[in-house]
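According to the working numbering, the sequence shown is numbered sequentially starting from 1014.
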Amino acid sequence: MAPREGLRPREAGSAQGDDEMKKGRKTSVTIRIEDDILQWYRAQVHKAGGGSYQTAMNGALRRAMESSQGHADEHSGPLLRNAGFRFREI
């Protein structure tokens, strides 16, 4: 399999290489975001001199994920339930 463009080769068995591959891989999804949130991100990117609002949103999601590492089971459920999310089996 040929390496994907934009990804650096990793050393076999390297935990750091595994993390780099995970961070470099992106999946196209369709997501519904409230208009005011989307406009805010677009405005922030514009104020910063340009770029991608999607990259900015991905960065914010990554920081949230990394700051809650090890706490997901304990904290995510109540947080999401309090925000009105409903869980269903898939």
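Ideal Cβ positions, reconstructed from N, Cα and C, are used throughout, including at glycine.
Contact set for residue i: own chain, Cβ-Cβ below 6 Å, skip 5 residues either direction
i	result
residue 1070	1054
Residue i in three-state terms, based on DSSP
i	result
residue 1036	helix
residue 1045	coil
residue 1060	helix
Closest Cα partner of residue i within the set the options
i	options	result
residue 1051	1078, 1038, 1081, 1068	1068
residue 1037	1077, 1080, 1072, 1081	1072
Own chain, CB closer than 8 Å to residue i, minus 5 neighbours either side, in chain order
i	result
residue 1057	1066, 1069
Where the alpha helix (DSSP H) through residue i begins and ends
i	result
residue 1067	1066-1080
Any non-hydrogen atom of the ligand HEM within 7 Å of residue i CB
i	result
residue 1065	No copy of the ligand HEM appears in this structure; indeed no ligand is present at all.
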